[in-house]
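>
Protein chains: 2
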Amino acid sequence: MTLRSAECPKTAGSAPEVWHNALVNGAGTGYGGGGAMPGGQRPTIKTVAARAGVGRTTVSRVINGSTLVSDEARAAVLAAIAELNYVPNSVARGLVTSRTNSIALVIPESESRLGAEPYFAAVIRGVSIGLADTRTQLQLILVRDQGERDRLTASVAERRVDGVLLASVHEHDPLPALLEDMGLPTVLAGRRTPEESLSHAHADNVGGARAAVRHLLERGRTTIATVSGPMDMDVGRGRLQGWQDALRAAGARPEERLVARADFTEEGGRAAARTLLDRVPGLDALFVASDVMAVGALSELRARGRRVPEDVAVVGFDDSFLARHTHPPLTTVRQPVEELGTTIARVLLREIADPRAPRQRIALPTELVVRESS
Amino acid sequence: MTLRSAECPKTAGSAPEVWHNALVNGAGTGYGGGGAMPGGQRPTIKTVAARAGVGRTTVSRVINGSTLVSDEARAAVLAAIAELNYVPNSVARGLVTSRTNSIALVIPESESRLGAEPYFAAVIRGVSIGLADTRTQLQLILVRDQGERDRLTASVAERRVDGVLLASVHEHDPLPALLEDMGLPTVLAGRRTPEESLSHAHADNVGGARAAVRHLLERGRTTIATVSGPMDMDVGRGRLQGWQDALRAAGARPEERLVARADFTEEGGRAAARTLLDRVPGLDALFVASDVMAVGALSELRARGRRVPEDVAVVGFDDSFLARHTHPPLTTVRQPVEELGTTIARVLLREIADPRAPRQRIALPTELVVRESS
DNA sequence: GCAGCGACTGGGAACGTGCCCACCAATGTT
DNA sequence: AACATTGGTGGGCACGTTCCCAGTCGCTGC
Numbered sequence: 000m001t002l003r004s005a006e007c008p009k010t011a012g013s014a015p016e017v018w019h020n021a022l023v024n025g026a027g028t029g030y031g032g033g034g035a036m037p038g039g040q041r042p043t044i045k046t047v048a049a050r051a052g053v054g055r056t057t058v059s060r061v062i063n064g065s066t067l068v069s070d071e072a073r074a075a076v077l078a079a080i081a082e083l084n085y086v087p088n089s090v091a092r093g094l095v096t097s098r099t100n101s102i103a104l105v106i107p108e109s110e111s112r113l114g115a116e117p118y119f120a121a122v123i124r125g126v127s128i129g130l131a132d133t134r135t136q137l138q139l140i141l142v143r144d145q146g147e148r149d150r151l152t153a154s155v156a157e158r159r160v161d162g163v164l165l166a167s168v169h170e171h172d173p174l175p176a177l178l179e180d181m182g183l184p185t186v187l188a189g190r191r192t193p194e195e196s197l198s199h200a201h202a203d204n205v206g207g208a209r210a211a212v213r214h215l216l217e218r219g220r221t222t223i224a225t226v227s228g229p230m231d232m233d234v235g236r237g238r239l240q241g242w243q244d245a246l247r248a249a250g251a252r253p254e255e256r257l258v259a260r261a262d263f264t265e266e267g268g269r270a271a272a273r274t275l276l277d278r279v280p281g282l283d284a285l286f287v288a289s290d291v292m293a294v295g296a297l298s299e300l301r302a303r304g305r306r307v308p309e310d311v312a313v314v315g316f317d318d319s320f321l322a323r324h325t326h327p328p329l330t331t332v333r334q335p336v337e338e339l340g341t342t343i344a345r346v347l348l349r350e351i352a353d354p355r356a357p358r359q360r361i362a363l364p365t366e367l368v369v370r371e372s373s
Numbered sequence: 000m001t002l003r004s005a006e007c008p009k010t011a012g013s014a015p016e017v018w019h020n021a022l023v024n025g026a027g028t029g030y031g032g033g034g035a036m037p038g039g040q041r042p043t044i045k046t047v048a049a050r051a052g053v054g055r056t057t058v059s060r061v062i063n064g065s066t067l068v069s070d071e072a073r074a075a076v077l078a079a080i081a082e083l084n085y086v087p088n089s090v091a092r093g094l095v096t097s098r099t100n101s102i103a104l105v106i107p108e109s110e111s112r113l114g115a116e117p118y119f120a121a122v123i124r125g126v127s128i129g130l131a132d133t134r135t136q137l138q139l140i141l142v143r144d145q146g147e148r149d150r151l152t153a154s155v156a157e158r159r160v161d162g163v164l165l166a167s168v169h170e171h172d173p174l175p176a177l178l179e180d181m182g183l184p185t186v187l188a189g190r191r192t193p194e195e196s197l198s199h200a201h202a203d204n205v206g207g208a209r210a211a212v213r214h215l216l217e218r219g220r221t222t223i224a225t226v227s228g229p230m231d232m233d234v235g236r237g238r239l240q241g242w243q244d245a246l247r248a249a250g251a252r253p254e255e256r257l258v259a260r261a262d263f264t265e266e267g268g269r270a271a272a273r274t275l276l277d278r279v280p281g282l283d284a285l286f287v288a289s290d291v292m293a294v295g296a297l298s299e300l301r302a303r304g305r306r307v308p309e310d311v312a313v314v315g316f317d318d319s320f321l322a323r324h325t326h327p328p329l330t331t332v333r334q335p336v337e338e339l340g341t342t343i344a345r346v347l348l349r350e351i352a353d354p355r356a357p358r359q360r361i362a363l364p365t366e367l368v369v370r371e372s373s
């Protein structure tokens, strides 16, 4: 068989084309299973072999695209598959190959509220796209509390998935290490620390934040405060870092009084803005480490009668679809979340295919989107 | 440090011989529960039996909670399980029980991407909650195009799931009938027609729309137009029906010129509002069949200089989190989407447990949430 | 003419579990 | 005393697949 070696392994882990054709065509007509078989039983590889007048092994070879099959045998098998409407049983296959062809995407529900947080929806979409031309299925695991976390690890231990994607990691999250110990391929969206040992992809948070603050400086703002994310997450630390970097590069001092830490929620953003305005009444710009928090900050500014951007310029982070609907529309740093999802899916597939492959660390570029709030 | 993700993550020369590697490494190396097993093999029910000094069947009985086990045997088995860190292999179990303990949730991505997003996120959350105290796993299938649809049906035919949830159905969607033919338990969120034969749960769209329009009438509005959803969906027809009902009940005529049909997208809502304002410049109220479309309508109203609610009162539908962030905050009809998800999950589990159980049709109540746009 | 080889084939043995059935040891019943 | 009954146990088989290996066949080369 021919393997594409130089190309991007976008179909890593999938079987050759023959397989797809046999499957889709075979299943495309009736799916019944009921009509084709007398006893109402689903046809098995044995049934197909009998019908085609060959052995089980030959059928298996045809299905899996082996070249060691004569043309006539292959034709007979394909005909039998089509007639019987045969679809291989993936569970039985999984038992012998010890592969399930499915991966888990773990999302901490406590933070996400999935609805209010467009980030996770985009990750899901991206992962799904990354899996699109593979036979790999996506298992979604929303972790709400410790009980669910136990169930998750149990489920993973049961070998129901070939690998795991973690959508949001905190510095001291025990899960990544646990999965690593279990020897299960694991890829993170984000990282625990900049020295992350597991494969991961993350947005260039430092660079994005730097660009945002530089933009505010270019607009002539002099007192730029920031609402940062949680410090036990690399995202939070990175975006704060970028703010500090940009100020220092401009010869300004990133004073501690200009920083308010929050938790990526709207209410948190509102409270942080309140704190900052009390502490530094003269601030004329706000870099907020997420759009959701920026929404909270904007409402606080409005409540205090500060005009945006005349009195206070505001820049968010994420370019979630919220940003287009705020008043005024929010200047923000776009991070390619969907692409992030696609990337970690691809990396995971590769790692499943070859567990000894070197770990990958991928940074995705961010981009400033200027709207009317700055 | 910064890698472009668009590039191919190439690791020198290692040709991905997928299936070969899977075989050599897959079953063996790290996957065991820590260092319990010397050979690196995961313990099986046989290992546990040997360790506990009992037969395989007894171990199986303990695991599956049979009462026909002596206390001492049970104690010995549990001890062995704990020592060996044994976890039953769900794939092998699935082979013999022909149950996978997982269900699929199918979401048409073509629609979800366009902004009905909060709806699907809430459904996912609800389904996940409905599955919480079960051992059932959730498989998420985002269907983007026809190719993916084929893969979906193939996947279902492979018996990788015990049942299917469909998150959004159009009247002539072939999928529900297909699944029914395959004899796979299927539950819908929404319904194809009011005579839906499959089990389903849906919000009381007619009642909700009626309440919305009644509310506008009570506010003294006289010319109430509507932006409706697509007519090939029961949701769309139902909400339009409610608008008509309420007007008739008040002695008004639901004239065709007061109706503009759209597709549940923001842009669609904007265009529909434009059409209506051109056609009926004197309208003083708008019932929009979804919040997302209402956002579009609001922006069109603002663009035309109509004040909300002074000139035109607006009511949406869904009470998605968007509604709290519009200007002014949107009066809308709340539908319990998360509960909807939980409900269909429960119904499906029941149907899987007893396939001959009668089909269920469940309507969930809606509730008017009055904010400042009306 | 025969060993050697390469292309092709199919039977057997796993993979790890649940379930049927035969069995055994006590206790009860006639 | 012989016989059912009950609680408890384990061996064999089946689930549907893949892979190892032992074949068979036809062809080449000396």
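Same order as they appear, the protein sequences are chains A and B.
Quick note: the first sequence uses numbering that gives the first Met the number 0, first residue 0, plus one each step.
Quick note: the second sequence uses numbering that gives the first Met the number 0, first residue 0, plus one each step.
Don't be surprised by glycine CBs; every beta carbon is placed ideally from N, CA and C.
1. With N88/A and E157/B assumed to form a contact (beta carbons below 8 angstroms), what rounded beta-carbon distance in angstroms separates them?
2. Using only the alpha-carbon positions, how far apart do L348/A and L187/A sit?
3. Please tell me whether A51/A and V76/A are closer than 9 angstroms, where the distance is taken between their beta carbons.
4. Suppose only complete runs of 4+ residues qualify. What are the alpha helix (DSSP H) ranges in the stretch 94-137 of chain A, listed by chain order?
5. What's the gap between the Cα of P335/A and the Cα of T264/B?
6. Identify the residues that DSSP records as bridge partners of T330/A: which are they?
7. For E366/A, which beta-bridge partners are listed by DSSP?
8. D70/B and E170/B - do their beta-carbons sit closer together than 9 angstroms?
9. Hey, A248/B and A259/B: beta-carbon distance below 9 angstroms or not?
10. Using a Cβ-Cβ cut-off of 9 angstroms, state whether P87/B counts as contacting chain A.
11. Using a Cβ cut-off of 8 angstroms, pull out every chain A residue sitting near Q136/B, in sequence order please.
12. Using a Cβ cut-off of 7 angstroms, which residues of the stretch 329-345 of chain B contact any Cβ in chain A, in chain order?
13. Could you confirm whether any beta carbon from chain A is found closer than 9 angstroms to the beta carbon of T99/B?
14. Which of helix, strand or coil does DSSP assign to L339/A?
15. What does a CB cutoff of less than 6 angstroms around G241/B pick up in its chain, not counting 5 residues either side in sequence?
16. Taking the runs of the alpha helix (DSSP H) that are 4 residues or longer, which of them lie wholly in the stretch 206-254 of chain A?
17. Are T192/A and F286/A closer than 9 angstroms when you measure CB to CB?
18. Of all the residues that make up the stretch 285-298 of chain B, which are near chain A by a beta-carbon distance shorter than 8 angstroms?
19. Closer than 9 angstroms between beta carbons: that is the criterion. Which residues of the stretch 316-329 of chain B meet it against chain A?
20. Please list the terminal residues of the continuous alpha helix (DSSP H) segment that includes G146/A.
21. Who does T185/B pair with in a DSSP beta bridge?
22. Classify H201/A as helix, strand or coil using the three-state DSSP reduction.
23. Around the Cβ of R306/B, are there at least 16 other Cβ atoms within 10 angstroms (buried) or fewer (exposed)?
24. Please check if any C-beta of chain B sits within less than 9 angstroms of the C-beta of R150/A.
25. Residues in the same chain with beta-carbon distance under 7 angstroms from T135/B, minus the five sequence neighbours each way, listed in chain order, please.
26. Given a threshold of 16 other Cβ atoms within 10 Å of its Cβ, counted over all protein chains shown, does V369/A qualify as buried or as exposed?
27. Run down chain A in chain order and give the residues with a C-beta less than 7 angstroms from the C-beta of A91/B.
28. Taking Cβ to Cβ, would you say L141/B is nearer than 9 angstroms to Q138/A?
29. In this structure, what does DSSP give as the bridge partners for F286/A?
30. If you draw a straight line from the alpha carbon of A254/A to that of Q243/A, how long is it in whole angstroms?
31. Within the same chain, show all residues whose beta-carbon is closer than 8 angstroms to that of A78/A, passing over the 5 residues directly before and after it, in chain order.
32. How far does the alpha helix (DSSP H) with V379/B in it reach, from first residue to last?
33. Name the chain A residues that come within less than 7 angstroms of A75/B, Cβ to Cβ?
34. Closer than 7 angstroms by C-beta to R218/A: which residues in its own chain qualify, once you throw out the five before and the five after it? Chain order, please.
35. Please classify R301/B: is it buried, with 16 or more other beta-carbons within 10 angstroms of its beta-carbon, or exposed?
36. For the alpha helix (DSSP H) holding V47/A, just list the boundary residues, first then last.
Reading it off the structure:
1. In the first sequence, the residue the question calls residue 88/A occupies position 89. In the second sequence, the residue the question calls residue 157/B occupies position 158. Right, the Cβ-Cβ distance comes to about 7 angstroms (below 8 angstroms), so this counts as a contact.
2. Counting from 1 along the first sequence, the entry for residue 348/A is found at position 349. Counting from 1 along the first sequence, the entry for residue 187/A is found at position 188. If I take the Cα positions, the gap works out to 13 angstroms.
3. Taking the first residue of the first sequence as 1, we reach residue 51/A at position 52. Taking the first residue of the first sequence as 1, we reach residue 76/A at position 77. Cβ atoms of A51/A and V76/A: closer than 9 angstroms.
4. 108-111 and 117-129
5. Taking the first sequence and counting its residues from 1, the one referred to as residue 335/A is at position 336. Taking the second sequence and counting its residues from 1, the one referred to as residue 264/B is at position 265. When rounded, the distance between both Cα atoms is 22 angstroms.
6. For this step, residue 330/A is matched to residue 331 along the first sequence. Answer by DSSP bridge pairing, in chain order: V314/A.
7. By one-based count along the first sequence, residue 366/A stands at place 367. Per DSSP, R333/A.
8. Here residue 170/B corresponds to residue number 171 of the second sequence, with the count starting at 1. Here residue 70/B corresponds to residue number 71 of the second sequence, with the count starting at 1. Taking 9 angstroms as the Cβ cut-off, E170/B and D70/B do not qualify as a contacting pair.
9. Walking along the second sequence from the start, residue 248/B turns up at place 249. Walking along the second sequence from the start, residue 259/B turns up at place 260. No, they are not a contact pair.
10. Residue 87/B sits at position 88 when you count from the first residue of the second sequence. Yes, its Cβ sits closer than 9 angstroms to a Cβ of chain A.
11. Within the second sequence, the letter at position 137 stands for residue 136/B. The answer, in chain order, is Q138, I140, S154 and R159.
12. none
13. Mapped onto the second sequence, residue 99/B falls at position 100. Cβ-Cβ to chain A under 9 angstroms: yes for T99/B.
14. As a working mapping, residue 339/A is identified with position 340 in the first sequence. DSSP places L339/A in helix when its eight states are reduced to three.
15. As a first step, residue 241/B is located in the second sequence; it is residue number 242 there, counting from the start. Within the same chain, G241/B has close Cβ partners V205, A208 and R209.
16. With a minimum length of 4 residues, the continuous alpha helix (DSSP H) runs that stay inside the stretch 206-254 of chain A are 233-248.
17. If you number the first sequence from 1, residue 192/A lands on position 193. If you number the first sequence from 1, residue 286/A lands on position 287. Taking a C-beta distance under 9 angstroms as the contact criterion, T192/A and F286/A do not qualify as a contact pair.
18. V294
19. S319, F320, L321, H324, T325 and H326
20. Position 147 of the first sequence, counted from the start, is the residue given in the question as residue 146/A. Q145 to A156 is the span of the alpha helix (DSSP H), which, as asked, contains G146/A.
21. Taking the first residue of the second sequence as 1, we reach residue 185/B at position 186. In DSSP, T185/B forms a bridge with V163/B.
22. In the first sequence, counting from the first residue as 1, residue 201/A sits at position 202. DSSP places H201/A in strand when its eight states are reduced to three.
23. To locate residue 306/B, count along the second sequence from 1; it is residue 307. R306/B is exposed by the Cβ-count criterion.
24. As a first step, residue 150/A must be located in the first sequence, where it is residue number 151. Closer than 9 angstroms to some Cβ of chain B, the Cβ of R150/A qualifies, so yes.
25. On the second sequence, residue 135/B is found 136 positions in, with the first residue counted as 1. Residues of the same chain with a CB within less than 7 angstroms of the CB of T135/B, apart from the 5 flanking positions on each side, are N100, S101, I102 and L348 in chain order.
26. Residue mapping note: residue 369/A aligns to position 370 of the first sequence, counting from 1. The residue in question, V369/A, is exposed, as its Cβ has fewer than 16 Cβ neighbours within 10 Å.
27. As a position in the second sequence, residue 91/B is number 92, starting the count at 1. Those are L94, listed as they occur along chain A.
28. Taking the first residue of the second sequence as position 1, residue 141/B is located at position 142. Taking the first residue of the first sequence as position 1, residue 138/A is located at position 139. No, the Cβ-Cβ distance between L141/B and Q138/A is not below 9 angstroms.
29. If you number the first sequence from 1, residue 286/A lands on position 287. T225/A and V314/A.
30. In the first sequence, counting from the first residue as 1, residue 254/A sits at position 255. In the first sequence, counting from the first residue as 1, residue 243/A sits at position 244. The sequence given here has Glu at residue 254/A, not Ala. Across the structure, E254/A and Q243/A are spaced so that their CA atoms are roughly 9 angstroms apart.
31. If you number the first sequence from 1, residue 78/A lands on position 79. Closer than 8 angstroms at Cβ, skipping near neighbours: A51.
32. Chain B is shown only over 0 to 373; residue 379/B falls outside these bounds and no answer can be derived.
33. Residue mapping note: residue 75/B aligns to position 76 of the second sequence, counting from 1. For A75/B, no chain A residue has a C-beta closer than 7 angstroms to its own C-beta; the minimum C-beta separation is roughly 22 angstroms.
34. Counting from one through the first sequence, the residue named residue 218/A turns up at place 219. For R218/A, the CB contacts under 7 angstroms within the same chain, skipping 5 residues up- and downstream, are A312 and S373 in chain order.
35. Looking up residue 301/B in the second sequence gives position 302. Classification of R301/B: exposed, given that the 10 Å Cβ count is below 16.
36. Position 48 of the first sequence, counted from the first residue, corresponds to residue 47/A. I44 to A51 is the span of the alpha helix (DSSP H), which, as asked, contains V47/A.
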